[in-house]
């Protein structure tokens with residue numbers, strides 16, 4: 001598999017995959033892109049472990065222990081780590097639970113919620129424990145670039161990737177800088 | 181006296197005239213030069229608390245809304261150092277509150293967010309506080325959402341100085357500082373504030389919101405969708421119609 005293509009990994013932590021969908025809105029430009037990049041671990045490839053990559057795109061914040069594990073693996077393996085979207089940058093909508101005690105969140109969802117059958121808080125070794133608070137990824141690892149937005153526009157992804165491929169600093173125009 | 185020259189400051193390399201007693205902010209505004217600000221509004225007394233209007237005056241960093249213009253002062257408002265300091269201030273305001281833009285109805289019309297865009301703020305840089313702040317929905321027409329409040333004090337001053345009510349005040353200290361209804365119950369419904377009050381129409385963020393007319397502007401046609409705040413000014417939604425701005429820009 002040795003070629004000159006730049007390796008890119010992507011993942012969605014506590015996110016909704018909306019950023020990934022927006023990335024795919026680069027439309028036919030993806031044909032140009034795959035002439036230059038090879039996707040490593042990503043929902044687009046279904047590769048489960050991240051290898052050494054030039055760029056890691058991380059969507060979503062940290063809401064459970066698995067998110068922290070994946071993020072650290074991305075940081076160790078990616079030369080450039082990019083915080084993608086509102087949830088990765090400030091916790092986003094999942095972080096709106098931060099003002100409610102975790103136990104209360106779980107009890108409302110799984111014990112006292114309307115229509116709950118067989119009320120119990122799910123516990124299994126395959127279910128990663130939740131963190132007390134949802135955190136942005138820059139609070140756990142160093143981040144090299146940020147793409148704000150919910151989601152970031154496709155053109156922002158394109159600008160970031162082409163800038164890195166052309167060995168220049170990305171520059172997001174005013175229209176590409178938004179938090180919603 | 182008539183042959184005396186008008187006193188001027190030098191702002192970004194250009195002479196700007198001022199009247200005795202004016203602040204640098206007032207002189208700049210009259211000359212059509214925008215200095216970013218959040219806690220300042222021309223209709224109420226200056227407060228000097230948000231520090232976003234910092235400029236360099238003869239090499240020293242000062243808040244332009246509370247610094248008097250002085251003959252010959254050399255003022256820089258757009259140098260890299262000042263823009264970087266402003267960006268850090270805006271980032272601190274973001275992490276200190278709970279500013280979730282994607283679900284906020286003031287998104288696109290919010291002056292805090294607009295300044296972040298204009299200062300090329302792409303991240304929040306600091307660790308987030310995620311403070312626990314109470315919402316006050318007791319008033320029939322108005323919501324007080326403290327998650328979005330930046331304690332700029334504009335509504336407090338507008339209520340006291342324009343509405344003659346003193347319906348609001350800032351309580352607590354330090355990180356516990358919060359906007360409160362200035363009455364015994366501490367509830368908005370007992371404060372005397374009304375929808376038409378200036379206090380309701382001066383908030384630079386979305387802390388005081390009407391209970392009706394939500395999301396009045398579609399994305400793409402909101403105040404700061406097309407042009408930065410440095411071109412549009414600190415505009416409230418009720419003074420903005422498409423690309424046309426009604427009323428004074430502050």
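Chains as they are written, first to last, in the working numbering: chain L, 1 to 180; chain S, 181 to 430. All C-beta atoms, glycine included, are put in the ideal place defined by N, C-alpha and C.
- Assignment of residue 174 of chain L by DSSP, reduced to helix, strand and coil, places it in the helix class.
- Note that the stretch 118 to 130 of chain L does not touch the stretch 49 to 57 of chain L; fewer than 3 beta-carbon pairs, one per stretch, sit closer than 8 angstroms.
- Exposure of residue 200 of chain S is indicated by the presence of fewer than 16 other C-beta atoms within 10 angstroms of its C-beta.
- For the stretch 228 to 239 of chain S, the beta-carbon criterion of a distance under 9 angstroms to any beta-carbon of chain L is satisfied by none of its residues.
- Using a Cβ-Cβ cut-off of 7 angstroms, residue 139 of chain L is close to 307 of chain S, given in chain order.
- A straight-line Cα-Cα distance of about 22 angstroms links residue 291 of chain S and residue 203 of chain S.
- In the DSSP assignment, residue 98 of chain L falls outside any beta strand (DSSP E), carrying neither H nor E.
- Take residue 272 of chain S, set aside five residues on each side of it, and the residues of its chain with a beta-carbon closer than 7 angstroms to its own are 306, in chain order.
- The Cβ atoms of residue 15 of chain L and residue 91 of chain L do not sit closer than 8 angstroms to each other.
- Under DSSP, residue 190 of chain S takes part in a beta bridge, and its partners are S:195 and S:254.
- Three or more Cβ pairs drawn from the stretch 225 to 234 of chain S and the stretch 256 to 269 of chain S lie within less than 8 angstroms of each other, which places the two stretches in contact.
- For the 8 angstroms CB-CB criterion, residue 331 of chain S and residue 349 of chain S do not form a contact.
- Between the stretch 125 to 142 of chain L and the stretch 53 to 67 of chain L, the count of C-beta pairs closer than 8 angstroms reaches three or more; the two stretches touch.
- Annotation: residue 31 of chain L to residue 140 of chain L spans about 34 angstroms, alpha carbon to alpha carbon.
- Between the stretch 136 to 151 of chain L and the stretch 73 to 87 of chain L there are three or more inter-stretch CB-CB distances shorter than 8 angstroms, so the stretches are counted as touching.
- Residue range 145 to 147 is occupied by the beta strand (DSSP E) that includes residue 145 of chain L.
- Pairing residue 289 of chain S with residue 214 of chain S gives a Cβ-Cβ distance that is not under 8 angstroms.
- Under the three-state reduction of DSSP output, residue 15 of chain L falls in the coil class, being neither helix nor strand.
- Not flagged as an interface residue toward chain S: residue 163 of chain L, since no C-beta distance is shorter than 8 angstroms.
- Note that the C-beta distance between residue 152 of chain L and residue 304 of chain S is not below 8 angstroms.
- Taking every protein chain shown into account, the CB of residue 109 of chain L has fewer than 16 other CB atoms within 10 angstroms, so this residue is exposed.
- Taken in chain order, the whole alpha helix (DSSP H) runs of length 4 or more contained in the stretch 61 to 141 of chain L are 65 to 77, 85 to 90 and 102 to 110.
- Runs of the beta strand (DSSP E) lying entirely within the stretch 304 to 365 of chain S, each at least 3 residues long, are 322 to 325, 348 to 351 and 358 to 361 in chain order.
- Per DSSP, the continuous alpha helix (DSSP H) segment holding residue 268 of chain S begins and ends at 260 to 276.
- Taking the Cβ atoms as the reference, residue 395 of chain S lies roughly 22 angstroms from residue 174 of chain L, outside the contact range of under 8 angstroms.
- Note on geometry: alpha-carbon atoms of residue 154 of chain L and residue 123 of chain L lie some 38 angstroms from one another.
- Taking a contact to require three or more Cβ pairs closer than 8 angstroms, the stretch 307 to 326 of chain S and the stretch 351 to 362 of chain S qualify as touching.
- Inclusion of residue 337 of chain S and residue 225 of chain S in the CB contact set at 8 angstroms is warranted, their separation being smaller than that value.
- The beta carbon of residue 93 of chain L sits closer than 8 angstroms to some beta carbon of chain S.
- Rounded to the nearest angstrom, the Cβ distance from residue 38 of chain L to residue 3 of chain L is 7 angstroms, consistent with a contact under 8 angstroms.
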